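A.B. asks: In the numbering used here, the protein residues as written are 1 to 307. Where a beta carbon is used, it is the ideal one built from N, C-alpha and C, also for glycine. Note that the coordinates shown come from a computational prediction; the quantities given were computed from them, not determined experimentally. The following block contains the structure, expressed as structure tokens.
Given below as structure tokens:
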């Protein structure tokens, strides 16, 4: 997902023209041409457009980070599995590219040390994860498409999103919360991307396999767009919650539509979202009086028991 920054209203142009010495039959060129339509659709999703304009709330950014964590955990597990497979091994750059550890740091920043207990994989992300595992275990040559789509984007358009998030969320200048976008082991992103494309073009692949990789790259973009759409719906629910209080979740349908599902505040599937209900109830004067009375009684009982 490669890009250049163009100010408010900018779009993510995922592919840059960097090398005039490519052939129309090179995999990098086929991917560039074969995914243009997907690029356009992805950059025009509401979530991406809002993000680029700085309209991103911290809660939604946290959920996006959760989605990335599950996605990259799957991707890097399958890359590790195929590190010696000739159809993928030339693109295996764990030191330079792997993002899982960086994402763990971001989750620790946003959720605390017990972050694992507070997150879960969303429905759209799980579909993406399942496809990555299927490809890695059954069609490893297609893993090229998923690695290309993610990492080349992180090194380009991702750097735009990093700046937007840091500014919009007032994140520390020391880059806590956006470690995902920091590639400490790549000194020159432009040169690395050229190396990566050269490695892709040198893979021993026939025409049919290249076409399948392009098709899989388009599939990867669709998975990303599904995640974006899911996040956009959650963002709208967050806005409704701020405006109207208890409209986040009514106890019907998919509980994961509650924007607090990633913190597991929504409880078990099929129940109502307890967080907002509890807060609203606790604000009632009568309830506050009853709670205070109960606390006093319990404190007295505890003191008696200890004595």
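Output needed for residue 235: all residues of its chain with C-beta closer than 6 Å, excluding positions within five of it in sequence on either side, in chain order.
C.D. replies: Stepping through the chain shown from its first residue, residue 235 is reached at position 235. In its chain, beyond the 5 residues on either side, 60 have a beta carbon closer than 6 Å to the beta carbon of residue 235.
A.B. asks: Between which residues of its own chain and residue 38 is the CB-CB distance below 6 Å, once the five residues before and five after are set aside?
C.D. replies: As a first step, residue 38 must be located in the chain shown, where it is residue number 38. Here the set comprises 218 and 221.
A.B. asks: Please state whether DSSP places residue 235 in a helix, a strand or coil.
C.D. replies: By one-based count along the chain shown, residue 235 stands at place 235. Reduced to three states, the DSSP call for residue 235 is helix.
A.B. asks: Counting contacts by CB-CB distance shorter than 9 Å, is residue 165 in contact with chain C?
C.D. replies: The question asks about chain C, but that chain is absent: this structure has only one protein chain.
A.B. asks: State whether the segment 31 to 47 contacts the segment 210 to 217, with contact taken as three or more CB pairs (one from each stretch) at a distance under 8 Å.
C.D. replies: yes
A.B. asks: I'd like the list of long-range same chain contacts for residue 227, defined as Cβ closer than 6 Å, with 5 residues on each side in sequence excluded.
C.D. replies: Counted from its first residue, the chain shown places residue 227 at position 227. Result list for residue 227: 67, 124 and 125, in chain order.
A.B. asks: Assign residue 173 to one of two classes, buried (16 or more other C-beta atoms within 10 Å of its C-beta) or exposed (fewer than that).
C.D. replies: Here residue 173 corresponds to residue number 173 of the chain shown, with the count starting at 1. Exposed.
A.B. asks: So, for residue 161: in the same chain, excluding its five sequence neighbours on each side, which residues have a beta-carbon less than 6 Å away from its beta-carbon?
C.D. replies: Residue 161 sits at position 161 when you count from the first residue of the chain shown. Around residue 161: no qualifying Cβ.
A.B. asks: Measure the C-alpha to C-alpha separation of residue 25 and residue 69 and round it to an integer number of angstroms.
C.D. replies: Within the chain shown, residue 25 is the residue found at index 25, counting from 1. Within the chain shown, residue 69 is the residue found at index 69, counting from 1. Approximately 34 Å between the Cα atoms of the pair.
A.B. asks: What residues in its chain sit with their C-beta under 7 Å from that of residue 238, if we drop five residues either side in the sequence?
C.D. replies: Translated into the one-based positions of the chain shown, residue 238 becomes position 238. Contacts found: 57, 59, 60 and 259.
A.B. asks: When the distance is taken between beta carbons, is residue 100 closer than 9 Å to residue 72?
C.D. replies: As a first step, residue 72 is located in the chain shown; it is residue number 72 there, counting from the start. As a first step, residue 100 is located in the chain shown; it is residue number 100 there, counting from the start. Yes, the pair counts as a contact, with Cβ atoms nearer than the cut-off.
A.B. asks: Kindly indicate which three-state DSSP category residue 92 falls into: helix, strand or coil?
C.D. replies: Stepping through the chain shown from its first residue, residue 92 is reached at position 92. Looking at residue 92 - three-state DSSP - the assignment turns out to be coil, as it is neither helix nor strand.
A.B. asks: For residue 82, does the three-state DSSP call read helix, strand or coil?
C.D. replies: Reading the chain shown from its first residue, position 82 is the one you call residue 82. Coil, per DSSP.
A.B. asks: Note the first and the last residue of the continuous alpha helix (DSSP H) segment covering residue 28.
C.D. replies: Reading the chain shown from its first residue, position 28 is the one you call residue 28. It spans 27 to 34 - the alpha helix (DSSP H) in which residue 28 sits, taken as one unbroken run.
A.B. asks: Tell whether a beta-carbon distance below 9 Å holds between residue 95 and residue 203.
C.D. replies: As a first step, residue 95 must be located in the chain shown, where it is residue number 95. As a first step, residue 203 must be located in the chain shown, where it is residue number 203. Going by C-beta atoms, residue 95 is not nearer than 9 Å to residue 203.
A.B. asks: What's the C-alpha gap between residue 200 and residue 90?
C.D. replies: In the chain shown, residue 200 corresponds to position 200, counting from 1. In the chain shown, residue 90 corresponds to position 90, counting from 1. Cα-Cα distance, rounded: 8 Å.
A.B. asks: Under 6 Å Cβ to Cβ from residue 35, same chain only, skipping five residues before and after it: list those, please.
C.D. replies: Against the chain shown, residue 35 aligns to sequence position 35. Taken in chain order, the residues that qualify are 217 and 218.
A.B. asks: By alpha-carbon positions, which one of 145, 119 and 97 ends up nearest to residue 107?
C.D. replies: Numbered from 1 along the chain shown, position 107 holds the residue referred to as residue 107. With distances taken between Cα atoms, residue 107 lies closest to 119.
A.B. asks: According to the neighbour-count rule (16 or more other Cβ atoms, all chains shown, within 10 Å of its Cβ), is residue 306 buried or exposed?
C.D. replies: The residue you call residue 306 lines up with position 306 of the chain shown. Below a pLDDT of 50, predicted positions are generally treated as unreliable, and residue 306, at 33, falls in that range; the measurement from the model is reported next regardless. So residue 306 ends up on the exposed side.
A.B. asks: Alpha carbon to alpha carbon, what distance is there between residue 240 and residue 195?
C.D. replies: In the chain shown, counting from the first residue as 1, residue 195 sits at position 195. In the chain shown, counting from the first residue as 1, residue 240 sits at position 240. The C-alpha of residue 240 is placed about 47 Å away from the C-alpha of residue 195.
A.B. asks: Quick one: using the 10 Å Cβ neighbour count with 16 as the cut-off for buried, is residue 79 buried or exposed?
C.D. replies: Residue mapping note: residue 79 aligns to position 79 of the chain shown, counting from 1. Residue 79 comes out buried.
A.B. asks: Using DSSP with H/G/I as helix, E/B as strand and the rest coil, what is residue 252?
C.D. replies: Position 252 of the chain shown, counting from 1, holds the residue named residue 252. With a pLDDT of 34 at residue 252, under the threshold of 50, the modelled position of this residue cannot be trusted; read the value that follows with caution. In the structure shown, residue 252 sits in coil (DSSP, three-state: anything other than H, G, I, E or B).
A.B. asks: Between the alpha carbons of residue 155 and residue 189, how many angstroms are there, rounded?
C.D. replies: Locating residue 155 in the chain shown gives position 155, where the first residue counts as 1. Locating residue 189 in the chain shown gives position 189, where the first residue counts as 1. Distance between the alpha carbons of residue 155 and residue 189: 6 Å.
A.B. asks: Would the C-beta of residue 41 count as close to the ligand PLP, meaning under 8 Å from any of its heavy atoms?
C.D. replies: Of the ligands one can find in the structure shown there are none, so the ligand PLP has no counterpart to examine.
A.B. asks: With residue 74 and residue 164 assumed to form a contact (beta carbons below 8 Å), what rounded beta-carbon distance in angstroms separates them?
C.D. replies: The residue given as residue 74 occupies position 74 in the chain shown. The residue given as residue 164 occupies position 164 in the chain shown. Their Cβ separation, rounded to whole angstroms, is 26 Å, which puts residue 74 and residue 164 out of contact at 8 Å.
A.B. asks: Could you check how far apart the C-beta atoms of residue 180 and residue 103 are, in whole angstroms? I think they sit under 8 Å.
C.D. replies: Residue 180 sits at position 180 when you count from the first residue of the chain shown. Residue 103 sits at position 103 when you count from the first residue of the chain shown. About 5 Å; that satisfies the 8 Å criterion.
A.B. asks: Are the Cβ atoms of residue 214 and residue 145 separated by less than 9 Å?
C.D. replies: As a position in the chain shown, residue 214 is number 214, starting the count at 1. As a position in the chain shown, residue 145 is number 145, starting the count at 1. With contacts defined as CB atoms closer than 9 Å, residue 214 and residue 145 qualify as a contacting pair.
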